[in-house]
Amino acid sequence: MKIGIPVSFSNTQYYINQAYVKYVAGAGYEPVIISPELPIKTAISLIDGLIMPGGIDVDPIYYGYDNFSSYAVDPLKDEFERELFHATREAKLPILGICRGFQLIIYEYMEYDSNLMEFMELKPHISGHNQVDNQRLSRTISQHFVDYTPATLYNTSSSKETSMPVNSMHHQCLIVDFKRRGVIGIRNFRMGAWTTRGIKIKTVKGSYPLVCEAFRISKWGAPILAVQWHPEEIKDYELLHQFFGNVKTDTMETA
Numbered sequence: 007m008k009i010g011i012p013v014s015f016s017n018t019q020y021y022i023n024q025a026y027v028k029y030v031a032g033a034g035y036e037p038v039i040i041s042p043e044l045p046i047k048t049a050i051s052l053i054d055g056l057i058m059p060g061g062i063d064v065d066p067i068y069y070g071y072d073n074f075s076s077y078a079v080d081p082l083k084d085e086f087e088r089e090l091f092h093a094t095r096e097a098k099l100p101i102l103g104i105c106r107g108f109q110l111i112i113y114e115y116m117e118y119d120s121n122l123m124e125f126m127e128l129k130p131h132i133s134g135h136n137q138v139d140n141q142r143l144s145r146t147i148s149q150h151f152v153d154y155t156p157a158t159l160y161n162t163s164s165s166k167e168t169s170m171p172v173n174s175m176h177h178q179c180l181i182v183d184f185k186r187r188g189v190i191g192i193r194n195f196r197m198g199a200w201t202t203r204g205i206k207i208k209t210v211k212g213s214y215p216l217v218c219e220a221f222r223i224s225k226w227g228a229p230i231l232a233v234q235w236h237p238e239e240i241k242d243y244e245l246l247h248q249f250f251g252n253v254k255t256d257t258m259e260t261a
C-alpha cells in the first residue's frame, strides 16, 4: 500500500519531517513524497491513501476569520494541500490528518457543512497543548491525557470510553459543544478523542464544551480520520494499520 505525504517548502527547498516517512515505512507501507510540481492527477494515481501532516498554522483569513494568533502562515501551502486533499477525497482514498492536517480538514468540512458551526468553534489559540515548546519536552514524550473511544479511533469493537496519554504540539484547536453531556457525534462527524484541558470558557447550564483531539468523518466521499497529536513521533503503528487496513465507512450516531 502506497501512502502519499505532501512536502513543505521554503523559497529554496522542499522538506519533510523524516518521522512521517519512517512512520509509514515502519508500518509496512510505502511512502510517496508529493511536491507541488507533481500534477494532482498523477499523484492520485500513485497512491492508495494520504497523510495530511503537521506543520505551520492554517491561514484563517481564507475562511473569513481574522488572524489573531496564527503563526507563519503560507497561503500557497494551504492551497496545495487543499487541492490534494479534495482530489484524494473525490478519488475515495483514505485520508489521515495529523495536527495541521486535522485543522485543514475541519476548516474545509465546516465550509462544506456550515450547520456544524452551531456546535463547533475553531479557536486560534489554546494553552496547555504545546509543551514541546513551552516546557522543552521531546516530541516523542506524551504530555497529557485524552479520553477516547477505541471503536472510533482504532476501528475496534469496543465503544467503552477510556483514556491515554498523547504528545500534542498544537495551539489552534476545535471546541465542540453538542449541548448534551456524553454526546460525541452528530450527523457524519464523530469525535474520536477529547479533553477539557485548556478550556477557560465560562460554562452555563446545558453547555459541555470539549477540545476535540480526534475525529472521524463519514459520507464525504472517502474515509477520513484526523488526530491533533503526533502518532508518527510515538510510532503508533496500530493507528495506521487499523485505519488504512480497514477503511470501511462507519455508521455514525447522531446527537
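Per my numbering: the sequence shown = residues 7 to 261.
Where is the CB? At the ideal position from N, CA and C, for every residue including glycine.
Problem - DSSP state of P37 mapped onto helix, strand, coil - result: strand
Exercise for the section: Could you name the residues of the same chain whose beta carbon sits closer than 7 Å to that of H236, not counting the 5 residues immediately before and after it, in chain order? Expected result: G60, I104, C105, R145, N173, M175
Exercise for the section: Express the C-alpha separation of E43 and Q234 in angstroms, rounding to a whole number. Expected result: 28 Å
Problem - Backbone secondary structure at K107 - three-state DSSP - result: The sequence given here places Gly at residue 107; Lys does not occur at that position. G107 falls in the helix class under three-state DSSP.
Practice task
May I ask you to list the residues that DSSP assigns as paired with K8?
Solution key: E36
Practice task
Kindly indicate the opening and closing residues of the beta strand (DSSP E) around D153.
Solution key: 150-154
Practice task
Report the residue from Y20, D65, L82, E87 whose alpha carbon sits nearest the alpha carbon of L128.
Solution key: D65
Practice task
Decide if the segment 79-91 is in contact with the segment 110-117; the criterion is three or more beta carbon pairs, one per stretch, under 8 Å apart.
Solution key: yes
Practice task
Check whether the segment 215-233 touches the segment 152-161, taking contact to mean three or more Cβ pairs, one atom from each stretch, closer than 8 Å.
Solution key: yes
Handout entry: Endpoints, alpha helix (DSSP H) assigned at E87
Key = 81-96
Handout entry: For V217, the residue or residues it bridges with in DSSP
Key = I181, T201
Exercise for the section: Assign T168 to one of three DSSP states: helix, strand, or coil. Expected result: strand
Handout entry: Beta-carbon proximity check, F250 vs G55, cutoff 8 Å
Key = yes
Handout entry: Helix, strand or coil at V233 [DSSP, three-state]
Key = strand
Exercise for the section: Grab me the residues of Y35's own chain with a C-beta within less than 6 Å of its C-beta, minus the 5 sequence neighbours each way, in chain order. Expected result: M7, I9
Exercise for the section: Have a look at F125, A25, I240 and flag the residue whose alpha-carbon is nearest the alpha-carbon of I147. Expected result: I240
Practice task
Could you give the DSSP three-state label for L245: helix, strand or coil?
Solution key: helix
Exercise for the section: Please name the residue or residues paired with L56 in a DSSP beta bridge. Expected result: G10, I101
Problem - Pick from A25, L245, Q19 that is closest to T155, judged by C-alpha positions - result: L245
Practice task
Please find out if some non-hydrogen atom of the ligand SAH comes closer than 7 Å to the beta-carbon of T48.
Solution key: Summarising the ligand content, the structure contains no ligands, and the ligand SAH is consequently not present.
Handout entry: Nearest to Y77 (by Cα), restricted to the options H177, K98, Y115
Key = H177
Handout entry: C-alpha gap between N121 and P171, whole angstroms
Key = 32 Å
Problem - Simplified DSSP state of Y20, which is helix, strand or coil - result: strand
Practice task
If I'm right that Y214 touches R193 with Cβ under 8 Å, what's the distance once you round it to whole angstroms?
Solution key: That belief does not hold up - the Cβ atoms of Y214 and R193 are roughly 18 Å apart, past 8 Å.
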